[in-house]
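Working notes, structure below.
Chains as they are written, first to last, in the numbering used here: chain A, 214 to 743; chain B, 1435 to 1748.
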């Protein structure tokens, strides 16, 4: 009996400890929040159609970009690939029957839902206008919106991250099938392992910071507020100590997804597998030491800015290596352009642009000009949307047959990938130019000369929205009417493909034998017809 | 040579920033193009069913080391170049004209050394360095002039500074670049760059004001500072003449160089940095001394350190 049929009641879903069902629960949760965050984004782009602001007041606009940021970062992106694809795939990829702590896994989901509900409550009460960065003393002293409740929601959600991270770390350490050494692990597992370490180490710092902000707001304890002897820059140090590694929480799993899809559809071993694994670890560790590059104009010392700039250039090296290695993987390969591959190649291209524009911002004199402008907005959307969301959709298509037993419609899949790719670029590329011209971020209204570029960006957002909506329509269709997938429709290596689709509740009848190597593809072998 | 997309460059720093930007566009464009061309080339050449030789590629240590080291060297080279340029931003020339700025939701208040005040406008002379000493009364703001390629956060509770030399006549937009609440996007202003003669005329026109240092001296007496901090005083309190820039030894063993933030802290939070040898008897002037008062007091203290102690022109 497969995991989808093992209990059909709602109760069986809400009390499940099956990592695959929990993954589906997470998918439902983050999809819900993706639409709320996306709706806020559409309103933002509508507002910016005209220089005077097309639809809402300044106050409402400020709440819109705040809710967009808070929801997309904490309730969509951070749980997206780890909690959905990671939960579903890690046990399957290492030949385990579940994660190490299945009940803790379910608890994580309930904590996530509770945190999300608290954020929604703040939104329904009237929202919050601090920006997702909650900079003090604005958030502690001057905002009269629902700051403390929103932060409480983020605080609670953080524990779900920590527990998921803990679960994955223990799972990878203890539950690998006999003979599956570290250097036989798929890069997806490596990436999720590194992500989990960041989740466990960085999230508590966010939790502490949030508690301090709430205490400051309610009791004026004088940690961040200069009027009470506090230091507003201390908040920024603490916040970015979490929030910069959080960028890697969002992008490392995306790299993992790309590293599964590209070899499969190129029928080629990943170029430099070990170097790819080391690069993941390097990004995860050096990523902890670059937070100060968010503060080059904040008033931090010259020496601190120098060190953070140098380290920021350094962290770009392993990212560059990964891009080169994915490209080299295509050499002498045999490539098929199924939808997952289109998403994965799109990810590599957009991540490359996002990474290279990061070098501009690591350069001190350029950052002085470009920070807090649309250049930064464009840069991090290339990483987090062009990169992470693109890869998440690629992963959804790639493992959809495994999770549901049904094929998605290939033509529609490719069409949606094209819409997302072109819509994304039309939305965000003009924003680089806006930033170069000096358009500051978080502006509800703007000087007339920026209008043409803003209209282009808004037009792109429409195409992007269509691209994101299409998959939900055809995925729903495929649940009933999709072609039966079989165990391994793409002829992929990896243990997850050696069990049925959908997998049985306990994944494998007995621990599967470890494969001889990882990514054992042969470009000369005939490919399965998917 | 710079990209035409960058907008007017109107400060001495701006062309250097633009050269760097243009270089980065070329370098990163070249790298991105290289990656994309290779991807497309491989995608076409090695598409399924094409008649080419294929096969697994083994380990290529040389290739891997190359693309570890080449980016590393290039990145560190860029860092060295940019860091060198950045140091200049921290070194205002000695003859820079001081302008005091207080930001608040949602306006910029500026005061020139001779006491002339402006709101949301800053008049500066062409070709002469101007040094802004900035603080905020409420949230964090950020002083951003795209044409100057310069930006500096304006932070409550401390002073930050920014200097520039304008190289073009005309008006340039001033933005608040750090989100500061409801009317953040209306916190705009303009920098008016004038020929030096016209600027001098502008500066001396307008209602008569005492210079900032003179006003500071007035406040120094009105607030009662002079009651303790004067040679005639019976209270044991340090003399403040020529304080700014001096090394101060503190009660707890630290030494600090007295800068504007130190003076500000000493007025508002007198228990924070106690001077060695003095009892902690000074009350806080929070609520009595406004940000403008404190800037005037600083200007006064600064003038006491110089031979031309009367303030006004240097």
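We treat Cβ as the ideally placed atom computed from N, Cα and C, and that holds for glycine. The structure presented is a predicted model; accordingly, all values stated were derived computationally and were not measured.
Within this structure, are the beta carbons of residue i and residue j separated by less than 8 Å?
{"i": "residue 318 of chain A", "j": "residue 326 of chain A", "result": "no"}
{"i": "residue 608 of chain A", "j": "residue 294 of chain A", "result": "yes"}
{"i": "residue 1555 of chain B", "j": "residue 1624 of chain B", "result": "yes"}
{"i": "residue 1734 of chain B", "j": "residue 1647 of chain B", "result": "yes"}
{"i": "residue 1708 of chain B", "j": "residue 1720 of chain B", "result": "no"}
{"i": "residue 588 of chain A", "j": "residue 648 of chain A", "result": "yes"}
{"i": "residue 1517 of chain B", "j": "residue 1568 of chain B", "result": "no"}
{"i": "residue 1705 of chain B", "j": "residue 1714 of chain B", "result": "yes"}
{"i": "residue 538 of chain A", "j": "residue 465 of chain A", "result": "no"}
{"i": "residue 1667 of chain B", "j": "residue 1658 of chain B", "result": "no"}
{"i": "residue 301 of chain A", "j": "residue 612 of chain A", "result": "yes"}
{"i": "residue 277 of chain A", "j": "residue 269 of chain A", "result": "yes"}
{"i": "residue 736 of chain A", "j": "residue 215 of chain A", "result": "no"}
{"i": "residue 510 of chain A", "j": "residue 401 of chain A", "result": "no"}
{"i": "residue 266 of chain A", "j": "residue 658 of chain A", "result": "yes"}
{"i": "residue 299 of chain A", "j": "residue 381 of chain A", "result": "yes"}
{"i": "residue 1613 of chain B", "j": "residue 545 of chain A", "result": "no"}
{"i": "residue 422 of chain A", "j": "residue 451 of chain A", "result": "yes"}
{"i": "residue 1628 of chain B", "j": "residue 1596 of chain B", "result": "no"}
{"i": "residue 353 of chain A", "j": "residue 335 of chain A", "result": "no"}
{"i": "residue 244 of chain A", "j": "residue 321 of chain A", "result": "no"}
{"i": "residue 1730 of chain B", "j": "residue 1650 of chain B", "result": "yes"}
Can you name the residues that DSSP bridges to residue i?
{"i": "residue 1541 of chain B", "result": "B:1538"}
{"i": "residue 1578 of chain B", "result": "B:1585, B:1609"}
{"i": "residue 215 of chain A", "result": "A:717"}
{"i": "residue 706 of chain A", "result": "Residue 706 of chain A is not bridged to any residue."}
{"i": "residue 273 of chain A", "result": "None, per the DSSP bridge assignment."}
{"i": "residue 548 of chain A", "result": "B:1481"}
{"i": "residue 1445 of chain B", "result": "B:1600"}
{"i": "residue 1709 of chain B", "result": "B:1684"}
{"i": "residue 586 of chain A", "result": "A:653"}
{"i": "residue 197 of chain A", "result": "No statement about residue 197 of chain A is possible, as the shown extent of chain A runs from 214 to 743 and does not include it."}
Quick check on the DSSP output: the beta strand (DSSP E) that includes residue i runs from which residue to which?
{"i": "residue 1597 of chain B", "result": "1594-1599"}
{"i": "residue 1605 of chain B", "result": "1604-1610"}
{"i": "residue 1689 of chain B", "result": "1689-1691"}
{"i": "residue 1568 of chain B", "result": "1563-1570"}
{"i": "residue 1559 of chain B", "result": "1555-1559"}
{"i": "residue 1550 of chain B", "result": "Element bounds for residue 1550 of chain B: n/a, residue is neither H nor E."}
{"i": "residue 1625 of chain B", "result": "1623-1628"}
Can you tell me the Cβ-Cβ gap for residue i and residue j, rounded? I've got them flagged as a contact below 8 Å.
{"i": "residue 556 of chain A", "j": "residue 606 of chain A", "result": "5 Å"}
{"i": "residue 654 of chain A", "j": "residue 547 of chain A", "result": "With 8 Å as the limit, residue 654 of chain A and residue 547 of chain A do not qualify as a contact, their Cβ atoms being about 44 Å apart."}
{"i": "residue 558 of chain A", "j": "residue 1473 of chain B", "result": "7 Å"}
{"i": "residue 628 of chain A", "j": "residue 683 of chain A", "result": "7 Å"}
{"i": "residue 1563 of chain B", "j": "residue 1532 of chain B", "result": "Actually they do not touch by this definition, with Cβ atoms about 10 Å apart."}
{"i": "residue 1633 of chain B", "j": "residue 1559 of chain B", "result": "4 Å"}
{"i": "residue 630 of chain A", "j": "residue 552 of chain A", "result": "6 Å"}
{"i": "residue 1451 of chain B", "j": "residue 578 of chain A", "result": "5 Å"}
{"i": "residue 459 of chain A", "j": "residue 633 of chain A", "result": "Not really, about 23 Å apart at Cβ, beyond 8 Å."}
{"i": "residue 360 of chain A", "j": "residue 341 of chain A", "result": "6 Å"}
Considering residue i, what are the terminal residues of the alpha helix (DSSP H) in which it resides?
{"i": "residue 466 of chain A", "result": "445-479"}
{"i": "residue 224 of chain A", "result": "223-227"}
{"i": "residue 1655 of chain B", "result": "1646-1656"}
{"i": "residue 439 of chain A", "result": "Per DSSP, residue 439 of chain A belongs to no alpha helix (DSSP H) and is neither H nor E."}
{"i": "residue 430 of chain A", "result": "400-432"}
{"i": "residue 617 of chain A", "result": "603-617"}
{"i": "residue 1739 of chain B", "result": "Premise fails: residue 1739 of chain B is in no alpha helix (DSSP H) and is neither H nor E."}
{"i": "residue 363 of chain A", "result": "360-387"}
{"i": "residue 684 of chain A", "result": "664-694"}
### Query
Is the region 562-577 of chain A close to the region 247-263 of chain A, with three or more CB pairs under 8 Å?
At 8 Å Cβ cutoff, the stretches do not touch.
### Query
Three or more beta-carbon pairs under 8 Å between the region 1486-1495 of chain B and the region 478-488 of chain A, yes or no?
Enough Cβ pairs lie closer than 8 Å, so yes.
### Task
Would you check if the region 1454-1468 of chain B and the region 570-590 of chain A touch, i.e. whether three or more CB-CB distances between them fall below 8 Å?
Result yes; three or more Cβ-Cβ pairs closer than 8 Å.
### Task
Say whether the region 1564-1580 of chain B touches the region 495-502 of chain A, bearing in mind that this needs 3 or more beta-carbon pairs closer than 8 Å, one atom from each stretch.
No: fewer than three Cβ pairs fall under 8 Å.
### Task
Would you be able to state if there are at least three C-beta pairs under 8 Å between the region 1504-1520 of chain B and the region 517-536 of chain A?
Judged by Cβ distances under 8 Å, the region 517-536 of chain A makes contact with the region 1504-1520 of chain B, as three or more pairs qualify.
### Task
Specify whether the region 688-705 of chain A and the region 595-602 of chain A touch according to this definition: at least 3 beta carbon pairs, one from each stretch, less than 8 Å apart.
Flag = no, the region 688-705 of chain A and the region 595-602 of chain A do not touch.
### Query
If you pair each beta-carbon of the region 660-676 of chain A with each one of the region 708-717 of chain A, do three or more pairs fall below 8 Å?
The way I'd put it, the region 660-676 of chain A doesn't touch the region 708-717 of chain A; fewer than three beta-carbon pairs between them come closer than 8 Å.
### Query
Would you call the region 1722-1731 of chain B and the region 1608-1622 of chain B in contact, with 3 or more CB pairs under 8 Å?
Contact annotation: the region 1722-1731 of chain B does not touch the region 1608-1622 of chain B, with fewer than three C-beta pairs closer than 8 Å.
### Message
Using 8 Å as the cut-off, can you tell me whether the region 432-446 of chain A makes contact with the region 401-412 of chain A, which would need three or more C-beta pairs spanning the two stretches below that distance?
### Response
Because the criterion of three Cβ pairs below 8 Å is not met, the region 432-446 of chain A and the region 401-412 of chain A do not touch.
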